[in-house]
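A quick write-up on the structure given underneath.
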């Protein structure tokens, strides 16, 4: 497989209501590229959330007694703690400076994905939440590209997320459209003919992580990466669409 990942330069700052597909297509044209059949676009969660107006002003948040107490334990702004609780279903771990929760979407991550980096205008009080339905956001972009160009592409929305057993964050998929993000090799054979009994590959996460390296984390301004040459090794499964198959069920989660 000849796999290429390259950032799309020249995207302007995204504002609520912006047409992301039009913005991406213009940027591609300006750098002499165009989308091809079966390309995959990896798009940073932040610009999806910005285009969908997922801003929260902490000055409008009134913390509950629970949030006030938890804020003392983790040494965080009570208003932000309340926002985290509002976006979550469970506090998984806590200690001073760290609050790990299960987001309503099922992701276990710090601060429910609420972010204040690279946000203009009063960053002290302005936060950005995750998209309400990242799979739906990805599918909408895929459909718009199909309608405008007549081609099928995959779309991944990625976000930087830490892991319980490793240091550092990496890009992971939080929304997927156009292909099966979890490739299931169970029942296939290895090079020696041995049957694979447990092997599943988080293909969407691998693409998201690679794209995250291209995007960068500071001043790179490259929130969209084009992946060309990805060829799924297992058939698409209509019952395994979106990001949900990549989320380990709680009863199988040995870290909780």
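In my numbering, the protein residues as written are 1101 to 1356.
Just so it is clear, CB atoms sit at the ideal spot from N, CA and C, and this is done for glycine as well.
Rounded separation between residue i and residue j - CA only
i            : j            : result
residue 1192 : residue 1173 : 14 Å
residue 1328 : residue 1103 : 6 Å
residue 1238 : residue 1271 : 16 Å
residue 1169 : residue 1185 : 12 Å
residue 1146 : residue 1293 : 44 Å
residue 1258 : residue 1154 : 16 Å
residue 1225 : residue 1348 : 34 Å
residue 1141 : residue 1314 : 13 Å
residue 1351 : residue 1112 : 43 Å
residue 1252 : residue 1278 : 7 Å
residue 1129 : residue 1298 : 43 Å
residue 1337 : residue 1166 : 43 Å
residue 1236 : residue 1269 : 25 Å
residue 1164 : residue 1182 : 7 Å
residue 1150 : residue 1287 : 42 Å
residue 1323 : residue 1108 : 8 Å
residue 1333 : residue 1283 : 7 Å
residue 1144 : residue 1290 : 35 Å
residue 1136 : residue 1265 : 38 Å
residue 1160 : residue 1301 : 42 Å
residue 1194 : residue 1321 : 32 Å
residue 1204 : residue 1230 : 10 Å
residue 1243 : residue 1189 : 31 Å
residue 1156 : residue 1211 : 14 Å
residue 1131 : residue 1260 : 26 Å
residue 1232 : residue 1117 : 15 Å
residue 1316 : residue 1115 : 20 Å
residue 1234 : residue 1311 : 17 Å
Boundaries of the beta strand (DSSP E) in which residue i is found, first to last residue
i            : result
residue 1144 : 1140-1144
residue 1228 : 1226-1228
residue 1307 : Here residue 1307 belongs to no beta strand (DSSP E); instead the alpha helix (DSSP H) covers 1303-1315.
residue 1326 : 1324-1328
residue 1114 : First-last for residue 1114: undefined, no H or E at that position.
residue 1348 : Looking at the DSSP string, residue 1348 is not in any beta strand (DSSP E), and its letter there is neither H nor E.
residue 1209 : 1208-1210
residue 1297 : Element bounds for residue 1297: n/a, residue is neither H nor E.
residue 1107 : 1104-1107
Inter-residue CB distance, residue i and residue j (contact presumed, cutoff 8 Å)
i            : j            : result
residue 1307 : residue 1285 : Actually they are not in contact, since the Cβ atoms of residue 1307 and residue 1285 sit about 17 Å apart, beyond 8 Å.
residue 1359 : residue 1175 : This structure leaves residue 1359 out entirely; the chain is present only between 1101 and 1356.
residue 1215 : residue 1228 : 5 Å
residue 1273 : residue 1343 : 6 Å
residue 1275 : residue 1245 : Actually they do not touch by this definition, with Cβ atoms about 15 Å apart.
residue 1241 : residue 1120 : 6 Å
residue 1267 : residue 1105 : About 24 Å separates the two Cβ atoms, so there is no contact after all.
residue 1346 : residue 1254 : Actually they are not in contact, since the Cβ atoms of residue 1346 and residue 1254 sit about 14 Å apart, beyond 8 Å.
residue 1122 : residue 1110 : No, residue 1122 and residue 1110 are not in contact; Cβ-Cβ is about 14 Å, not under 8 Å.
residue 1262 : residue 1209 : 7 Å
For residue i: DSSP bridge partner residues
i            : result
residue 1124 : None, per the DSSP bridge assignment.
residue 1355 : DSSP output for residue 1355 lists no bridge partner at all.
residue 1337 : Partner(s): none; residue 1337 has no beta bridge.
residue 1215 : 1228
residue 1275 : 1257
residue 1284 : 1300
Residue i Cβ short of 7 Å to the ligand ADP heavy atom set
i            : result
residue 1109 : What this structure holds is no ligand at all, so the ligand ADP is not there to describe.
In the segment 1236-1271, which residue ranges form an unbroken beta strand (DSSP E) of at least 3 residues, counting only runs that do not cross its ends? The beta strand (DSSP E) runs lying completely inside the segment 1236-1271 and spanning 3 residues or more are 1254-1263, given in chain order.
Secondary structure, beta strand (DSSP E): runs of 3+ residues fully inside the segment 1133-1201: The qualifying runs are 1140-1144, 1155-1157 and 1188-1195.
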